[in-house]
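The numbering of the sequence shown is the working numbering, which starts it at 8 and goes up by one.
Quick notes on the structure that follows.
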Amino acid sequence: MQVLRFAVEEINNSSILLPGVKLGYEIFDYCSDSRNVRAALDFLSANGSVPVKGSALYETKVISVTGPFGSTQTITIAPLFMSDLIPMVTHGATSVQLSNKQRFPSFFRTVPSDNYQVKALVNLLQLFGWNWVAFIGGDNDYSRDALQVFTDEIRSADICLAYQETISKDSSKFEDMFFKMAQLNVSVVVLFANQEFAIPFIRKAIEKKLRKVWIASETWSLNQDLIKEEGIENIGNVFGIAIRGDKKLHGFEEFVHRSMRRGDSGNASDAPGADTQETCNQACSACLTIDPQKILDEDPTYRFSIYAAVYAVAHALHRVLDCGREECNGSAPVYPYMVTEALKQVNFELYNQSVKFDANGDPIAHYDIVYWDLQSKSTLTIGSYNSDQKPEFNINQSGINWKGYTTAPEFRCSPECKDGYKRVQTGYHTCCFECVICTNGTYINYTDDRYSCKPCGVEEWSKNGSTSCTKRSLEYLHHTELLSIGILFSASFTLFSSLAVTVLFALKYDTPVVKSAGGKMCFLMLGSLCLSSVSVFFYVGRPSQTHCILRNPAFSLFYTGCMSCLAVRSFQIVCIFKMAAKLPWAYDFWAKHNGQWVVVAAVVGVQLLLCALWLAVEAPMPVNFTLDRQIVLDCSLGNQYFFYTVLVFLGLLSVACFVFAYMGTDLPKNYNEGKCITFSLLIFYFSWAMYLTVRLIQEDKHLSAVNAISVLCTLLGILLGYFFPKCYIIIFKPDHNTAAYFQTSIQSYTIHTSGM
Numbered sequence: 008m009q010v011l012r013f014a015v016e017e018i019n020n021s022s023i024l025l026p027g028v029k030l031g032y033e034i035f036d037y038c039s040d041s042r043n044v045r046a047a048l049d050f051l052s053a054n055g056s057v058p059v060k061g062s063a064l065y066e067t068k069v070i071s072v073t074g075p076f077g078s079t080q081t082i083t084i085a086p087l088f089m090s091d092l093i094p095m096v097t098h099g100a101t102s103v104q105l106s107n108k109q110r111f112p113s114f115f116r117t118v119p120s121d122n123y124q125v126k127a128l129v130n131l132l133q134l135f136g137w138n139w140v141a142f143i144g145g146d147n148d149y150s151r152d153a154l155q156v157f158t159d160e161i162r163s164a165d166i167c168l169a170y171q172e173t174i175s176k177d178s179s180k181f182e183d184m185f186f187k188m189a190q191l192n193v194s195v196v197v198l199f200a201n202q203e204f205a206i207p208f209i210r211k212a213i214e215k216k217l218r219k220v221w222i223a224s225e226t227w228s229l230n231q232d233l234i235k236e237e238g239i240e241n242i243g244n245v246f247g248i249a250i251r252g253d254k255k256l257h258g259f260e261e262f263v264h265r266s267m268r269r270g271d272s273g274n275a276s277d278a279p280g281a282d283t284q285e286t287c288n289q290a291c292s293a294c295l296t297i298d299p300q301k302i303l304d305e306d307p308t309y310r311f312s313i314y315a316a317v318y319a320v321a322h323a324l325h326r327v328l329d330c331g332r333e334e335c336n337g338s339a340p341v342y343p344y345m346v347t348e349a350l351k352q353v354n355f356e357l358y359n360q361s362v363k364f365d366a367n368g369d370p371i372a373h374y375d376i377v378y379w380d381l382q383s384k385s386t387l388t389i390g391s392y393n394s395d396q397k398p399e400f401n402i403n404q405s406g407i408n409w410k411g412y413t414t415a416p417e418f419r420c421s422p423e424c425k426d427g428y429k430r431v432q433t434g435y436h437t438c439c440f441e442c443v444i445c446t447n448g449t450y451i452n453y454t455d456d457r458y459s460c461k462p463c464g465v466e467e468w469s470k471n472g473s474t475s476c477t478k479r480s481l482e483y484l485h486h487t488e489l490l491s492i493g494i495l496f497s498a499s500f501t502l503f504s505s506l507a508v509t510v511l512f513a514l515k516y517d518t519p520v521v522k523s524a525g526g527k528m529c530f531l532m533l534g535s536l537c538l539s540s541v542s543v544f545f546y547v548g549r550p551s552q553t554h555c556i557l558r559n560p561a562f563s564l565f566y567t568g569c570m571s572c573l574a575v576r577s578f579q580i581v582c583i584f585k586m587a588a589k590l591p592w593a594y595d596f597w598a599k600h601n602g603q604w605v606v607v608a609a610v611v612g613v614q615l616l617l618c619a620l621w622l623a624v625e626a627p628m629p630v631n632f633t634l635d636r637q638i639v640l641d642c643s644l645g646n647q648y649f650f651y652t653v654l655v656f657l658g659l660l661s662v663a664c665f666v667f668a669y670m671g672t673d674l675p676k677n678y679n680e681g682k683c684i685t686f687s688l689l690i691f692y693f694s695w696a697m698y699l700t701v702r703l704i705q706e707d708k709h710l711s712a713v714n715a716i717s718v719l720c721t722l723l724g725i726l727l728g729y730f731f732p733k734c735y736i737i738i739f740k741p742d743h744n745t746a747a748y749f750q751t752s753i754q755s756y757t758i759h760t761s762g763m
């Protein structure tokens with residue numbers, strides 16, 4: 008009341024704000040909802056009566072109402088003023104309901120909405136990691152609305168409401184509430200209630216020495232009497248949200264002392280005709296004896312809010328009266344709706360704090376976060392919260408004395424899971440859970456979802472308990488790897504050795520060794536070996552479509568040419584020595600019609616057809632498959648039926664070659680190739696058996712290396728087993744490379760067979 012009177016007197020003495028205009032006021036004590044309806048109607052009256060039908064041009068007794076303090080009281084009487092758009096500027100009603108402009112179009116307040124107070128409170132809980140809390144409120148709109156906002160806010164803040172109760176002034180139920188909180192293991196209590204409810208509750212907690220973390224709403228967070236209660240130090244820690252209204256109003260102390268000396272503080276209403284009995288504005292003769300210091304020692308929380316409310320109305324009226332520097336337009340009519348519209352546009356500063364209203368009639372929220380130092384019986388400001396365009400929340404924890412703890416304790420339903428563990432809810436509340444590790448190939452992103460492990464992407468991997476996935480490495484046979492270098496070197500050796508043998512055979516073409524090895528057919532065999540060697544180079548490097556076609560399909564075709572020549576050559580020798588005499592007509596037909604070339608062409612033609620069908624139906628192509636930490640780039644087999652058909656065809660050809668070689672084991676030494684061919688074929692069987700076995704049991708980049716090694720072994724088997732022995736004779740035993748030496752071998756074979 009004294010702050011309101013001080014603000015009015017200050018404005019009336021101002022030469023800048025409302026020059027030449029004096030403000031008047033009537034002060035009513037809000038006793039009860041029912042008895043003060045008449046007081047509200049008195050404000051609405053004109054000439055002692057209230058018209059039944061409202062009008063925008065209706066001149067009421069007052070142009071603005073400041074107060075009442077409480078949310079419930081404001082919500083009760085506000086509709087009476089809203090119908091005529093009489094502005095209400097309250098300094099203490101914080102209910103969220105009052106932000107509804109459809110219900111309260113001419114309502115304004117200089118104290119923030121509880122919506123922001125709850126946001127600050129939730130920020131405090133999040134900062135310390137407290138997610139298992141109780142909410143205790145009074146039986147009024149102030150607490151009920153705050154509870155609704157609180158439950159909405161905590162849904163997205165990972166905070167659970169473990170217990171909620173509405174208290175009354177009857178303290179007999181408090182012990183039962185304490186017992187329930189103990190059963191639920193609740194250590195953090197939000198006490199969002201007016202002083203009339205909060206003070207008895209805290210006093211009971213002091214009596215029971217109930218150690219909790221108490222979070223006070225702005226109505227009692229700065230209560231100086233409660234903090235000095237005996238035993239308050241035994242209830243744990245007390246934090247609070249306080250409206251930043253402790254600004255020292257210059258001249259206010261002098262005004263109070265002057266008023267008390269003058270003895271005018273008891274005149275609650277100067278309005279003529281005011282019925283003190285009806286409106287509950289009792290004359291206060293005892294007020295004359297009040298110590299001015301007692302007034303100054305009262306809770307200062309709302310002083311600035313009252314001061315700002317009066318100034319807001321004054322600034323609005325200044326705008327309506329079109330005031331200049333020296334005077335206002337005193338003849339201009341002033342209706343309440345005009346003041347309401349002007350209030351929407353006010354924007355000024357008081358004590359370096361902006362005073363303006365948003366679309367809901369609410370000011371910018373400025374809160375202090377306070378901590379009760381229970382040893383020194385005083386409150387400390389440890390942080391702040393502002394609701395400007397970018398909300399700010401700051402806390403300095405250095406001044407907090409955590410009783411029984413070295414740092415801020417974590418009061419949670421369940422301890423937080425370690426990194427890489429997901430939550431598995433164990434009850435109704437999401438804060439109560441078990442921790443389960445995320446398995447290989449999954450990860451958990453706590454910012455998105457704490458309750459499920461997400462699978463990694465196709466190109467990613469993770470180990471048990473991962474919070475992120477790692478990019479899989481691309482694996483294939485790089486040219487710089489030792490294994491790749493070994494394969495390339497072996498392929499080069501095979502290629503150049505085949506070329507060297509070709510040159511040697513060309514130079515010694517007319518010698519018996521070359522003739523017995525197959526003559527012209529040797530060059531087809533060596534050419535096939537060279538081309539097959541080239542195919543090995545395509546096993547190294549990043550696979551492409553070309554690489555894949557020039558691997559197994561190309562090798563199969565070229566190697567068929569080599570194997571068919573070897574089989575035909577073995578068959579020819581057997582025919583010459585064993586069948587020519589018995590079937591001379593067949594041998595003549597074979598010799599005259601170049602039977603060996605016909606057979607080679609037919610065999611290669613069949614394999615060429617199979618390879619063409621293989622490529623046409625489903626050609627080998629680049630593929631990738633994932634391992635634990637790798638993406639292996641390789642070539643597919645294409646159509647597996649054709650792949651195995653081609654391989655089986657090569658196998659049958661090798662069996663035929665083996666049979667013919669075995670049939671010639673008793674031929675002359677220079678024509679007996681059984682051991683050499685058997686050696687080559689055994690290497691062929693072993694190499695491909697090894698590759699197919701590895702393919703069944705393992706898939707990684709080394710599978711391509713095994714395939715390349717199988718091809719190399721097959722080629723080197725023929726080169727080392729068949730051609731190198733002949734090169735050895737040509738180079739190191741030229742005496743065995745003569746017609747006479749071969750003729751001697753044939754004669755010995757003839758004598759031996761005839762003797763049998």
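Just so you know, even glycine gets a beta-carbon here, dropped at the ideal spot from N, CA and C.
All of these numbers come straight from a predicted model, not from anything done at the bench.
- Among the bridge pairs identified by DSSP, Cys445 is matched with none.
- Measuring C-alpha to C-alpha distances from Tyr412 to each of Arg218, Phe157, Gln300 identifies Arg218 as the nearest.
- Apart from sequence neighbours up to five positions away, the residues of its chain that approach Ala249 with a beta-carbon distance below 7 Å are Glu225, Ser228, Leu229, Thr308, Tyr374, Asp375, Val377, ordered along the chain.
- Judged by their CB atoms, Lys478 and Ser459 are not nearer to each other than the 8 Å cut-off.
- Inter-residue distance for Asp635 and Asn447 is about 9 Å (C-alpha atoms, whole angstroms).
- In this structure, Pro86 sits away from Leu350, with a CB-CB distance that is not shorter than 8 Å.
- In this structure Ala200 is in contact with Gly144, their Cβ atoms being roughly 5 Å apart against a cut-off of 8 Å.
- Thr79 is a Cβ neighbour of Asn147, given a cutoff of 8 Å.
- The residue among Gln231, Pro299, Glu237 with its C-alpha nearest the C-alpha of Glu261 is Pro299.
- Per the DSSP secondary-structure output, Pro207 pairs with nothing in a beta bridge.
- Burial state of Glu237 is exposed, judged by a 10 Å Cβ sphere holding fewer than 16 other Cβ atoms.
- In this structure, DSSP gives Arg326 a helical state, which the three-state scheme calls helix.
- Going by beta carbons, Val543 and Ile492 fall outside the 8 Å limit.
- DSSP, read as helix, strand or coil, puts Val543 in helix.
- Spatial neighbours of Ala47 in its own chain (CB-CB distance under 6 Å, excluding positions within 5 residues in sequence) are listed in chain order as Ile84, Leu87.
- Contact between Asn401 and Gly390 is confirmed by a C-beta separation of about 5 Å, below the 8 Å threshold.
- For the options Leu198, Asp369, Thr414, the alpha carbon positioned closest to that of Lys108 is the one of Asp369.
- Only residues of its own chain outside the window of five on either side were considered, and among them His554, Leu557, Arg558 have a CB closer than 6 Å to the CB of Phe545, listed in chain order.
- Each of Phe246, His486, Ser661 was checked against the Cα of Gly548, and the nearest Cα belongs to His486.
- For the set Leu198, Thr386, Val156, the Cα lying nearest the Cα of Ile234 is the one of Thr386.
- If you draw a straight line from the Cα of Leu654 to the Cα of Leu710, it comes to about 17 Å.
- Using a 10 angstroms sphere on the CB of Ser497, the tally of other CB atoms reaches 16 or more, which defines it as buried.
- As the crow flies, the alpha-carbon of Pro26 is around 28 Å from that of Val118.
- A Cβ-Cβ distance of about 6 Å is found for the pair Ala668 and Thr685, placing them in contact under the 8 Å criterion.
- Between Gly247 and Ile222, the gap from beta carbon to beta carbon is short of 8 Å.
- If you look at Arg12, you'll find it in the alpha helix (DSSP H) that goes 9-19.
- Under the three-state reduction of DSSP output, Ile313 falls in the helix class.
- A distance below 8 Å separates the beta carbons of Ile70 and Pro343.
- Remark: C-beta atoms of Cys445 and Ser421 do not approach each other more closely than 8 Å.
- Taking a contact to require three or more Cβ pairs closer than 8 Å, the region 686-703 and the region 721-740 qualify as touching.
- Assignment of Tyr435 by DSSP, reduced to helix, strand and coil, places it in the coil class.
- With distances taken between CA atoms, Glu625 lies nearest to Leu617 out of Leu484, Asn631, Leu617.
- No Cβ-Cβ contact shorter than 8 Å links Arg116 with Leu128.
- Counting the other Cβ atoms within 10 Å of the Cβ of Tyr314 gives 16 or more, which makes it buried.
- Each of Gln231, Leu24, Thr745 was checked against the Cα of Thr518, and the nearest Cα belongs to Thr745.
- Phe650 sits away from Val639, with the two beta carbons spaced by 8 Å or more.
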